[in-house]
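Working notes, structure below.
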Amino acid sequence: MVADDIDSMERGQGRRCSDINVGDEKHRDFEPSHPSPASTAVESPGDSRDSPSTISRWSSHIKGFVSRSWQRKEVDEECLPVVRRFQDCPDGYPTLAAFLDSDENFMLYRRFGFIQSRLLLYKQDQLRVLEEELDTLDKNDDDIYLTCRANDDLDERPRTKLLKKIEAKFREYAELLAIAQNLATLNKPAKRDYKSVRTYFENEQPVCDSEQYIRYKEDIITLKPGRENAWLDATVEKGLQKFACPPIRYLFCSPETRAKADENTILYDKGRIDALVTMIITAMILALLIIPIYVLWHLSNEVQDTTTTAVTIGVLLVFTLVFSAVLSLFTRARRHEILGAAAAYCAVLVVFISNVGPSGNGVSAGY
1 MVADDIDSME RGQGRRCSDI NVGDEKHRDF EPSHPSPAST AVESPGDSRD
51 SPSTISRWSS HIKGFVSRSW QRKEVDEECL PVVRRFQDCP DGYPTLAAFL
101 DSDENFMLYR RFGFIQSRLL LYKQDQLRVL EEELDTLDKN DDDIYLTCRA
151 NDDLDERPRT KLLKKIEAKF REYAELLAIA QNLATLNKPA KRDYKSVRTY
201 FENEQPVCDS EQYIRYKEDI ITLKPGRENA WLDATVEKGL QKFACPPIRY
251 LFCSPETRAK ADENTILYDK GRIDALVTMI ITAMILALLI IPIYVLWHLS
301 NEVQDTTTTA VTIGVLLVFT LVFSAVLSLF TRARRHEILG AAAAYCAVLV
351 VFISNVGPSG NGVSAGY
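Here's what the structure looks like:
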């Protein structure tokens, strides 16, 4: 009896164990396929990095990045602008033409003022002779031909032929006058530009001595419009030429200018120089606005007397003069523009003084 009970108990326990095992198997069948946090934590990071699939995946990414970078580089090289390099040009006038075309400051040529004067005088005297011939014909001719052009043209008289000849000569003379007037409007080059081109002629010797036109300094003109560069532009360019170290060349020489020039020539990018000049001018304008306002505000908080008023007016005049000098030297502004800007600047300072008032009463009253 006892044995049967024991057997039944063992069978029941076995059934329960089998049920539990079946339930565990069913539970395992419904578990998600992704690893649990515990299993992820147990897996070492070194195993995941060293697995072949991870290594191959990273290597494929690196290969793809390198190939894309190389393709972009090849495209960029194909799209590079075409520049005419000095060393690619034959010696002589081709190299000289490439140099003069490399920068607008180097567009220096002769005006031939003496030849202009000789040609104008020659044409002028030719017209004088023709004028005398016309006066002689008019004095000796009959009134019937002088009072009616149709009668004078009817028989192809000498006056008609003379007038046609005068017309042709006058056209030539007028064309020369117009050309001379246009050349007269061109400016002489800046001293630094002339010196740069003269130095190139002396160092490179592109043409023979008799054809080095740069030696005719008084006859040289520049094709660059006037007032394009101010004193600050020239100072910055001079400083860059003086401190021509590799970092300066990298910052202020574009790839195109570096490709044009040879080892003995440095061509700076005008856009980058203009950006530096603009930053300097902006900093100075801000300083000229902030410093006088602070000084005037400090003076307005003191006890007002005759000395304080005189100092305030003096500060106003000094900073207005400094502002005008900065505009004249550092910018390309014309005279009337400088006068207008100085008047506006002075008005701003005067309005500030009137609003602040003694001991800041104007400001406190406004609030």
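Counting with full-length UniProt numbering, you get residues 1 to 367 for the letters of the sequence shown.
Glycine included, each C-beta is placed from N, C-alpha and C at the ideal position.
As the structure is a prediction and not an experimental result, all values here were calculated from the model.
Candidates 335, 275, 312: which alpha carbon is nearest residue 354's? Sequence index remark: in the sequence shown, residue 354 carries index 354 (1-based). Comparing Cα-Cα distances from residue 354 to each of 335, 275, 312, the minimum goes to 312.
Would you report the Cα separation of residue 193 and residue 240, rounded to the nearest angstrom? On the sequence shown, position 193 is the one that residue 193 refers to. On the sequence shown, position 240 is the one that residue 240 refers to. Computed Cα separation, rounded: 14 Å.
Does DSSP classify residue 276 as helix, strand or coil? Locating residue 276 in the sequence shown gives position 276, counting from the first residue. Looking at residue 276 - three-state DSSP - the assignment turns out to be helix.
Just mark residue 224 as buried or exposed, buried being the case when its beta carbon has 16 or more other beta carbons within 10 Å. Numbered from its first residue, the sequence shown carries residue 224 at position 224. Per the 10 Å Cβ criterion, buried.
DSSP bridge partner residues for residue 312 (one or two, in chain order): Against the sequence shown, residue 312 aligns to sequence position 312. None; residue 312 has no bridge partner.
Between the C-alpha atoms of residue 181 and residue 89, what's the straight-line distance to the nearest angstrom? On the sequence shown, residue 181 is found 181 positions in, with the first residue counted as 1. On the sequence shown, residue 89 is found 89 positions in, with the first residue counted as 1. Between residue 181 and residue 89, the C-alpha separation is close to 35 Å.
For a test of the three-state rule: what should DSSP assign to residue 216, helix, strand or coil? As a working mapping, residue 216 is identified with position 216 in the sequence shown. Correct three-state label for residue 216: coil.
Would you tell me roughly how many angstroms separate the C-alpha atoms of residue 315 and residue 220, rounded to the nearest one? On the sequence shown, residue 315 is found 315 positions in, with the first residue counted as 1. On the sequence shown, residue 220 is found 220 positions in, with the first residue counted as 1. Near 45 Å, if we compare the C-alpha coordinates of residue 220 and residue 315.
Is it right to say residue 236 is buried, meaning 16 or more other beta carbons lie within 10 angstroms of its own, or is it exposed? Counting from 1 along the sequence shown, the entry for residue 236 is found at position 236. Buried, because 16 or more other Cβ atoms sit within 10 Å of the Cβ of residue 236.
Just mark residue 114 as buried or exposed, buried being the case when its beta carbon has 16 or more other beta carbons within 10 Å. The count along the sequence shown starts at 1 and reaches residue 114 at position 114. Result: exposed.
Using only the alpha-carbon positions, how far apart do residue 100 and residue 188 sit? Working through the sequence shown from its first residue, we reach residue 100 at position 100. Working through the sequence shown from its first residue, we reach residue 188 at position 188. Each residue's Cα considered, the two are about 16 Å apart.
Select from 172, 117, 323 the residue whose C-alpha is nearest the C-alpha of residue 290. To locate residue 290, count along the sequence shown from 1; it is residue 290. Answer by Cα proximity: 323.
Can you have a look at residue 191 and say buried or exposed, based on whether 16 or more other CB atoms are within 10 angstroms of its CB? Residue 191 sits at position 191 when you count from the first residue of the sequence shown. Exposed, since its Cβ has fewer than 16 Cβ neighbours within 10 Å.
Excluding five sequence neighbours on each side, which residues of the same chain lie with their C-beta closer than 6 Å to the C-beta of residue 212? Position 212 of the sequence shown holds residue 212. Counting only Cβ-Cβ distances below 6 Å, and skipping sequence neighbours, we find 201.
Helix, strand or coil at residue 222 [DSSP, three-state]: Taking the first residue of the sequence shown as position 1, residue 222 is located at position 222. In this structure, DSSP gives residue 222 an extended state, which the three-state scheme calls strand.
List the whole-angstrom C-beta distance separating residue 159 from residue 135, where the pair is believed to meet the contact cut-off of C-beta under 8 Å. By one-based count along the sequence shown, residue 159 stands at place 159. By one-based count along the sequence shown, residue 135 stands at place 135. Rounded, the Cβ-Cβ distance is 11 Å, inconsistent with contact.
To which residues of the same chain is residue 252 closer than 8 Å at the C-beta, ignoring the five residues directly before and after it? Numbered from its first residue, the sequence shown carries residue 252 at position 252. Around residue 252: 240, 268, 269, 272, 273, 276.
Exposed or buried, which one is residue 260 when buried takes at least 16 other CB atoms within 10 Å? Residue numbering aside, residue 260 sits at position 260 when the sequence shown is read from its first letter. So residue 260 counts as buried.
Please report the straight-line C-alpha distance between residue 306 and residue 297, rounded to a whole angstrom. The residue labelled residue 306 in the question sits at position 306 within the sequence shown. The residue labelled residue 297 in the question sits at position 297 within the sequence shown. Straight-line Cα distance between these residues: approximately 17 Å.
Pick from 278, 209, 206, 195: whose alpha carbon is nearest that of residue 238? Here residue 238 corresponds to residue number 238 of the sequence shown, with the count starting at 1. The residue among 278, 209, 206, 195 with its C-alpha nearest the C-alpha of residue 238 is 195.
Spatial neighbours of residue 214 within its chain, please: C-beta separation below 6 Å, excluding the five flanking residues on both sides. Here residue 214 is taken as the residue at index 214 of the sequence shown, counted from 1. Correct list, in chain order: 197, 198, 201.
Boundaries of the beta strand (DSSP E) in which residue 268 is found, first to last residue: In the sequence shown, the residue the question calls residue 268 occupies position 268. Where residue 268 is concerned, there is no enclosing beta strand (DSSP E), given that its DSSP letter is neither H nor E.
Report the option in 330, 203, 218, 105 whose CA atom is closest to the CA atom of residue 282. Numbered from its first residue, the sequence shown carries residue 282 at position 282. Among 330, 203, 218, 105, the Cα nearest to that of residue 282 belongs to 330.
For residue 126, which residues from the same chain have a beta carbon less than 6 Å from its beta carbon, with the 5 sequence-adjacent residues on both sides left out? Translated into positions along the sequence shown, residue 126 becomes position 126. Excluding residues within five positions, the ones whose Cβ falls inside 6 Å are 169.
Report the residue from 110, 123, 96 whose alpha carbon sits nearest the alpha carbon of residue 172. Here residue 172 corresponds to residue number 172 of the sequence shown, with the count starting at 1. Checking every option, the nearest Cα to that of residue 172 belongs to 123.
For residue 369, does the three-state DSSP call read helix, strand or coil? The chain is shown from 1 up to 367; residue 369 falls before or after that span and cannot be answered.
Give every residue of the same chain whose Cβ lies closer than 7 Å to the Cβ of residue 98, excluding the five residues on either side of it in the sequence, and list them in chain order. On the sequence shown, position 98 is the one that residue 98 refers to. Here the set comprises 84, 86, 89.
Could you check whether residue 308 and residue 346 sit closer than 7 Å to each other, using their CB atoms as the reference points? In the sequence shown, the residue the question calls residue 346 occupies position 346. In the sequence shown, the residue the question calls residue 308 occupies position 308. With a cutoff of 7 Å on beta-carbon distance, residue 346 and residue 308 are scored as not near each other.
Whose C-alpha, out of 258, 302, 318, 233, is nearest the C-alpha of residue 279? Against the sequence shown, residue 279 aligns to sequence position 279. That would be 233, whose Cα lies nearest to the Cα of residue 279.
Same chain, Cβ closer than 8 Å to residue 176, neighbours up to 5 away in sequence not counted: For the purposes of this step, residue 176 is taken as the residue at position 176 of the sequence shown. 116, 119, 120, 123, listed in sequence order.
Would you kindly work out how many angstroms separate the C-alpha atoms of residue 95 and residue 105, rounded to a whole number? As a first step, residue 95 must be located in the sequence shown, where it is residue number 95. As a first step, residue 105 must be located in the sequence shown, where it is residue number 105. Spanning the two alpha carbons is a distance of roughly 17 Å.
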